[in-house]
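Trainee:
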Amino acid sequence: MRLSFISLGLLPALAWSTPLRRASTIKWTPCEANQTEAIECGILPAPLDYTNNASNATVNLELRRIPAANSPARGSILFNFGGPGANGFASLEAYGAALSAATGGYHNLIVIAPRGTSKTLRFSCYATDEERAAAGVLYEPLAGNSSDTATGMNYATSEIFADTCYATQNRTGRFVSTSFTARDFMHVVDALNEDGLLRYWGFSYGTILGATLSYMFPDRMDRVVLDGVVNPHQYYSNREVELFADTDKVFEGFCSGCVATPENCTLAKNRTASELQEALEDFLVDLKFNPIILPVAGAPYILKYTTAITALFSNLYFPTTWPATATFIDNLMTGNLEEAGDYITQLLNTDAGMDDEAQFGIKCGDAFRTDTDREDIQSILEQRGETSKLFGDTADVVLMRCADWKLKPQERYTGDFKAKTKNPVLLIGNTHDPVTPLVSARNASAGLEGSVILEHSAYGHTTLAQGSICTAKAIRSYFLDGTLPEPDTKCEIETELFSGQGGWAEVIEELTKGGN
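Under our numbering, the residue at position 281 of the sequence shown is numbered 637, and the numbers go up by one with no gaps.
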């Protein structure tokens, strides 16, 4: 396997040009009756190993589709909602109406479960759920600044995790990578029997997949939207410092939005934004030494610094959650632990639709720089801490696990991050995004000749966080007739912070009424 891997790395042009095998057609059938959208299900066999043309082994790709709202349909748009490690099915159901409106309603909307997720070569490092639960307790990931020993523990548990995944996934895990998933997407394009071109909208990690598709198959790109852009150079090299470039600005927006709307934010309490920020930072630091015991059904729950800072960081993604987040923190700060316990129970029972082990199986397998010494890793951790003093340590363990990763995929992208696509790519970045800053869109755009960046004047992660009629119309024009927005276009949103509303209802109403 190592020889095969090395040859792929030395001959990237040959790897990218490997012909896709002829795809069969997809048979669509109704999915479960309780879904809110008329979603159809499909299965498509695909080659297990695209680097071995002599093999007949296959893997079944799981697909979901929302048929075009209008007819005649103009083909299909493929989606990836991020992760890595999420299958995207729940997101298609949740955002189907918004996506249909924003793309014009003339396309079928299709999600493909990436390799490593769902039933498609699920990347699982443990034989049983009991083993997984035990490992979660014994080897709990820690925020690097949670204690003086956290970083050392993270190094140790990351090595154990990497060894465990190598032992359990060495047979099938090597067929999981973004490059192979990109080939799966083009395999689906062929099976759709439309025009042989890709129409695609990717969010967050989905922008890595979309960029990789553009690098590998530039002549087959019709319309490609990269929304909430990850820096591909840093992703593939396991050197992601840029992620946190705007995180503190989003947290500042949380604080300023709260005090500007005290009727919707119980944390306001006649504070200024800077006073609230200082109070929250002091509270979080105190949790390192004084964790809070919350009454939760079954057994009391100990809320520690790592859980609190990670939950706050995650909730920065979607401003619609900010009023509830503020209430939860206020309950903690004021000792109203019964209500805080109810909130944490809901949080713990929420299924994000993402498989934690699949995240690492995909991301760490993609990284071409592993076996990195700790001095190098420590330098990256310090840069992250300088970029975001409060949240820069929340993903330390991701970096460490990938540095220890031993499982090499059959193919990973090792190109030059440049492409002249058949049609130019549209990149979209939020003004204030906690994890995919606008600068990452600029860095990715530099390698995609003719691409255009649209700035979405929103807080949160991707355009799904806060809707904009202007942005949605730009996306619709792009998918329907290929029109790109003018360079330096900036679109305003349809909602205010701490309103509890995402603005997409207004977008859908505007874009689906007659004459628009």
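Idealized CB from N, CA, C, for every residue including glycine.
Taking the straight line between their C-alpha atoms, what separation do you get for Val-795 and Ile-665?
Mentor: Translated into the one-based positions of the sequence shown, residue 795 becomes position 439. Translated into the one-based positions of the sequence shown, residue 665 becomes position 309. When rounded, the distance between both Cα atoms is 24 Å.
Trainee: Closer than 8 Å is the cut-off here; do at least three beta carbon pairs connect the segment 453 to 466 with the segment 424 to 434?
Mentor: As far as the Cβ criterion goes, the segment 453 to 466 touches the segment 424 to 434, which means the pair count is three or higher.
Trainee: Looking at the secondary structure, which residues open and close the alpha helix (DSSP H) in which Gly-609 lies?
Mentor: The residue you call residue 609 lines up with position 253 of the sequence shown. 603 to 616 is the span of the alpha helix (DSSP H), which, as asked, contains Gly-609.
Trainee: Whose CA, out of Ile-831, Trp-384, Glu-842, Tyr-699, lies closest to the CA of Arg-579?
Mentor: Counted from its first residue, the sequence shown places residue 579 at position 223. Closest by alpha carbon: Ile-831.
Trainee: Measure the alpha-carbon distance for Asn-510 versus Asp-749 and round it to whole angstroms.
Mentor: Mapped onto the sequence shown, residue 510 falls at position 154. Mapped onto the sequence shown, residue 749 falls at position 393. So the alpha carbons of these two residues sit roughly 11 Å apart.
Trainee: Please look up how many angstroms separate the CB atoms of Ala-714 and Arg-478, rounded, as I've assumed it's under 8 Å.
Mentor: Locating residue 714 in the sequence shown gives position 358, where the first residue counts as 1. Locating residue 478 in the sequence shown gives position 122, where the first residue counts as 1. At roughly 7 Å, the Cβ-Cβ gap stays under 8 Å, so Ala-714 and Arg-478 are in contact.
Trainee: With a 10 Å radius around its C-beta and 16 neighbouring C-beta atoms as the bar for buried, classify Ser-380 as buried or exposed.
Mentor: Here residue 380 is taken as the residue at index 24 of the sequence shown, counted from 1. Exposed is the call here.
Trainee: Going by the beta-carbon positions, is the gap between Ala-667 and Leu-636 smaller than 8 Å?
Mentor: Within the sequence shown, residue 667 is the residue found at index 311, counting from 1. Within the sequence shown, residue 636 is the residue found at index 280, counting from 1. Going by C-beta atoms, Ala-667 is not nearer than 8 Å to Leu-636.
Trainee: Alpha helix (DSSP H) containing Ala-493: first to last residue?
Mentor: Here residue 493 is taken as the residue at index 137 of the sequence shown, counted from 1. Note that residue 493 corresponds to Val in the displayed sequence, not to Ala. Unbroken alpha helix (DSSP H) run through Val-493: 485 to 494.
Trainee: Could you check how far apart the C-beta atoms of Ile-395 and Leu-417 are, in whole angstroms? I think they sit under 8 Å.
Mentor: Translated into the one-based positions of the sequence shown, residue 395 becomes position 39. Translated into the one-based positions of the sequence shown, residue 417 becomes position 61. Between Leu-417 and Ile-395 the Cβ distance is about 16 Å, and since that is not below 8 Å, they are no contact.
Trainee: Write down every uninterrupted run of the alpha helix (DSSP H) in the segment 553 to 604 whose length is 4 residues or greater and which is fully enclosed by it, in chain order.
Mentor: List check, alpha helix (DSSP H) in window: 561 to 572, 588 to 593.
Trainee: For the segment 396 to 478, which segments carrying the beta strand (DSSP E) assignment without a break, of at least 3 residues, lie completely within its bounds, in sequence order?
Mentor: Counting only runs of 3 or more, we get 396 to 403, 414 to 422, 432 to 436, 464 to 468.
Trainee: Starting from the Cα of Phe-773, find the closest Cα among Glu-805, Ser-744, Val-754 and give me that residue.
Mentor: To locate residue 773, count along the sequence shown from 1; it is residue 417. Comparing Cα-Cα distances from Phe-773 to each of Glu-805, Ser-744, Val-754, the minimum goes to Glu-805.
Trainee: Which parts of the segment 790 to 870 are runs of the alpha helix (DSSP H), unbroken and 4 residues or longer, counting only runs that do not cross its ends?
Mentor: Counting whole runs of 4 or more residues, the segment 790 to 870 contains the alpha helix (DSSP H) stretches 794 to 801, 825 to 837, 860 to 868.
Trainee: Going straight from the alpha carbon of Asp-352 to that of Asn-501, what length do you get?
Mentor: Only positions 357 to 872 of the chain appear in this structure, which leaves residue 352 out of reach.
Trainee: Expressed to the nearest angstrom, what Euclidean distance is found between the alpha-carbon atoms of Phe-437 and Lys-764?
Mentor: As a first step, residue 437 must be located in the sequence shown, where it is residue number 81. As a first step, residue 764 must be located in the sequence shown, where it is residue number 408. One C-alpha to the other measures close to 25 Å.
Trainee: For a test of the three-state rule: what should DSSP assign to Gly-717, helix, strand or coil?
Mentor: Residue 717 sits at position 361 when you count from the first residue of the sequence shown. Residue state, collapsed to three classes: helix.
Trainee: Figure out for me which residue from Thr-868, Lys-846, Asn-799, Glu-850 has the closest Cα to the Cα of Gln-590.
Mentor: Within the sequence shown, residue 590 is the residue found at index 234, counting from 1. Per the Cα distances, Asn-799.
Trainee: For Tyr-657, write down the residues that DSSP places opposite it in a beta bridge.
Mentor: Taking the first residue of the sequence shown as position 1, residue 657 is located at position 301. Tyr-657 is bridged to Leu-650.
Trainee: Under the DSSP definition of a beta bridge, which residues are partnered with Asn-786?
Mentor: As a position in the sequence shown, residue 786 is number 430, starting the count at 1. In the DSSP output, where bridge partners are listed per residue, Asn-786 has His-812.
Trainee: How about Leu-643 and Cys-614: are their beta carbons less than 8 Å apart?
Mentor: Translated into the one-based positions of the sequence shown, residue 643 becomes position 287. Translated into the one-based positions of the sequence shown, residue 614 becomes position 258. Cβ atoms of Leu-643 and Cys-614: not closer than 8 Å.
Trainee: Between the Cα of Asn-779 and the Cα atoms of Tyr-657, Ala-402, Gly-823, Asp-837, which residue gives the shortest distance?
Mentor: Translated into positions along the sequence shown, residue 779 becomes position 423. Taking only the C-alpha atoms, the option nearest Asn-779 is Asp-837.
Trainee: Give me whichever residues DSSP pairs with Lys-383 in a beta bridge.
Mentor: Along the sequence shown, read from residue 1 onward, the residue named residue 383 stands at position 27. In the DSSP output, where bridge partners are listed per residue, Lys-383 has Ile-399.
Trainee: My assumption, with CB atoms under 8 Å, is that Val-532 sits in contact with Arg-471. Please give the rounded CB distance.
Mentor: Here residue 532 refers to the residue found at position 176 of the sequence shown. Here residue 471 refers to the residue found at position 115 of the sequence shown. Yes, Val-532 and Arg-471 are in contact; Cβ-Cβ is about 5 Å, under 8 Å.
Trainee: I'd like to check one pair, Glu-850 with Glu-862: are the Cβ atoms closer than 8 Å?
Mentor: Along the sequence shown, read from residue 1 onward, the residue named residue 862 stands at position 506. Along the sequence shown, read from residue 1 onward, the residue named residue 850 stands at position 494. Against a cut-off of 8 Å, the Cβ pair of Glu-850 and Glu-862 comes out as a contact.
Trainee: Return helix, strand or coil for Ala-499, following the three-state DSSP convention.
Mentor: As a position in the sequence shown, residue 499 is number 143, starting the count at 1. Correct three-state label for Ala-499: coil.
Trainee: Does DSSP put Ala-680 in a helix, in a strand, or in coil?
Mentor: In the sequence shown, counting from the first residue as 1, residue 680 sits at position 324. Ala-680: helix per DSSP, three-state reduction.
Trainee: Could you compute how far the alpha carbon of Leu-554 sits from the alpha carbon of Thr-777?
Mentor: Translated into the one-based positions of the sequence shown, residue 554 becomes position 198. Translated into the one-based positions of the sequence shown, residue 777 becomes position 421. When rounded, the distance between both Cα atoms is 11 Å.
Trainee: From which residue to which residue does the alpha helix (DSSP H) around Tyr-751 run?
Mentor: For the purposes of this step, residue 751 is taken as residue 395 along the sequence shown, with counting starting at 1. Here the sequence assigns Ala to residue 751, which means Tyr is not the residue at that position. Segment: none, Ala-751 is in no alpha helix (DSSP H) and carries neither H nor E.
Trainee: So Cys-521 is in the alpha helix (DSSP H); what residue range does that whole segment cover?
Mentor: Translated into the one-based positions of the sequence shown, residue 521 becomes position 165. First-last of the alpha helix (DSSP H) with Cys-521: 506 to 525.
Trainee: Select from Lys-745, Asn-409, Arg-740 the residue whose C-alpha is nearest the C-alpha of Val-754.
Mentor: Within the sequence shown, the letter at position 398 stands for residue 754. The candidate whose alpha carbon is nearest that of Val-754 is Arg-740.
Trainee: Ignore the nearest five residues each way along the sequence and tell me which others in Phe-559's own chain have a CB closer than 6 Å to its CB.
Mentor: Here residue 559 is taken as the residue at index 203 of the sequence shown, counted from 1. Closer than 6 Å at Cβ, skipping near neighbours: Phe-437, Gly-438, Asp-583, Gly-584, Thr-818.
Trainee: So what does DSSP say about Ala-538, is it helix, strand or coil?
Mentor: Translated into positions along the sequence shown, residue 538 becomes position 182. Ala-538 falls in the helix class under three-state DSSP.
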